[in-house]
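Quick notes on the structure that follows.
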Amino acid sequence: MNCSSSLKNAFLSAKKVTVLTGAGISAESGVPTFRGEGGLWRNFRAEDLATPDAFEKDPKLVWEWYDWRRQVIKPLKPNRGHEVIARFEDRFSDFTLITQNIDGLHKKAGNEKMIELHGNIWKVRCLKEGKVEDNLEAPLSLIPPYCTCGSLLRPHIVWFGESLPYDTIQQAYRASEECDIMIVVGTSAVVQPAASLPIIARQHDAYVIEINTEETPLSGIANESLIGKAGDILPEIERLL
Ligand code: BJW
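Here the sequence shown stands for residues 6 to 246, numbered as in the working numbering.
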């Protein structure tokens, strides 16, 4: 990777750093991405599995898919990219991690604070009470699972057509507006509102660095678009600091 002198200078003067991650950061750990070769949406229809209508129609089918994904993710470990981002939390006094990922690998890597835009696959929500609880059981002993109140539980995940929780998206907007540097890692940058965050950062004069194995709609907007694997490029950036 050829790091430009502007990238080095941006880090030298940066006070607030925000990182936005997508499925690509976890790809090297073995978590399937959504789009592109081998992506989940190549083999499964989002409309059948990741919408409130799909859940209403067939909660068992939706839970079977999530149970399978929980079993895939459970043994996986954070990779070098996650580890660098975890060290950034200590390195920068004003650091925010925004992730679209639901796999929990940033937490496993050591990040303590993060904005999980699309929820977390290890949490369940009671349909009746709205109560959110951790649930690490994989495979699940009962599909679909039920709350102690007798109501159905759903994955605590934001599906297509659902709004992101107000506080969550507001925090993400603020971290995008206020940062000096935004590093955008492993996202196809097509799902809203997450895809608008780097644009907001640019509009507020942040230095936006994209890391991806291929070009995305963000590549022409970012100050630097670094093509390669997150697990290779993030350690190189860390070495510069
Ligand atoms: C690597 C790598 C390596 C690989 N290193 N890189 C306008 C028009 C039409 C629809 C909409 C619209 N505006 C909003 C919408 C609706 C919709 C939307 O954005 N749709 C678009 C697809 C068009 N948005 C919503 O519904 C959101 N809610 C909302 O907007 O509410 C208000 C509203 C509703 C309806 C209409 C209008 C407004 C909610 C979005 C929830 C997204 N949920 C999902 C699924 C969760 C289920 C689950 O996981 O079980 O979240 S979708 C899926 O995509 C998942 C991801 O978080 C999200 C983003 O994907 P991501 O992370 O970018 O992954 P990939 O696979 O796409 O990309 C991976 C990238 O990594 C690639 O670029 C690779 O090259 C790269 N890579 N290896 C570096 N080693």
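Even for Gly, the Cβ is constructed at its ideal location relative to N, Cα and C. All of these numbers come straight from a predicted model, not from anything done at the bench.
Inset, instruction - Report, in whole angstroms, the separation of the C-beta atoms of residue 206 and residue 200, which I expect to be a contact under 8 Å. - result: Between residue 206 and residue 200 the beta-carbon gap is near 12 Å, outside 8 Å, which marks them as no contact.
Inset, instruction - Report yes if the CB atom of residue 153 is closer than 8 Å to the CB atom of residue 29, and no otherwise. - result: Contact: no.
Inset, instruction - Look at the Cβ atom of residue 129, then the Cβ atom of residue 138, and state whether they are nearer than 8 Å. - result: yes
Legend entry - Limits of the unbroken alpha helix (DSSP H) element including residue 48: 45 to 48
Inset, instruction - Output yes or no for whether 8 Å exceeds the beta carbon distance between residue 90 and residue 114. - result: yes
Inset, instruction - Could you check if residue 185 is buried or exposed, using at least 16 other CB atoms within 10 Å of its CB as the buried criterion? - result: buried
Legend entry - Bridge partners - residue 212, DSSP secondary structure assignment: 186
Legend entry - Residues that residue 121 bridges to, as DSSP identifies them: 104
Inset, instruction - Decide yes or no for the touch test of the region 58 to 73 against the region 7 to 22: beta carbon pairs closer than 8 Å, at least 3 of them. - result: Touching, no.
Inset, instruction - Measure the C-alpha to C-alpha separation of residue 140 and residue 87 and round it to an integer number of angstroms. - result: 23 Å
Inset, instruction - Inspect the beta-carbon positions of residue 103 and residue 51 and report whether they are closer than 8 Å. - result: Pairing residue 103 with residue 51 gives a Cβ-Cβ distance that is not under 8 Å.
Inset, instruction - Verify the contact flag: residue 226, CB atom, against every heavy atom of the ligand BJW, threshold strictly below 7 Å. - result: no
Inset, instruction - Pick helix, strand or coil for residue 21, following the three-state DSSP scheme. - result: strand
Legend entry - Whole-angstrom distance between residue 59 and residue 166, CA atom to CA atom: 11 Å
Inset, instruction - Verify the contact flag: residue 117, CB atom, against every heavy atom of the ligand BJW, threshold strictly below 7 Å. - result: no
Legend entry - The alpha helix (DSSP H) enclosing residue 63, as first and last residue numbers: Neither: residue 63 is in no alpha helix (DSSP H) and is coded neither H nor E.
Legend entry - Proximity test, residue 175 beta-carbon vs the ligand BJW heavy atom, cut-off 7 Å: no
Inset, instruction - Using alpha carbons as the reference points, say which of 182, 176 and 132 lies closest to residue 155. - result: 132
Legend entry - Whole-angstrom distance between residue 47 and residue 39, CA atom to CA atom: Approximately 8 Å, taken between the alpha carbons.
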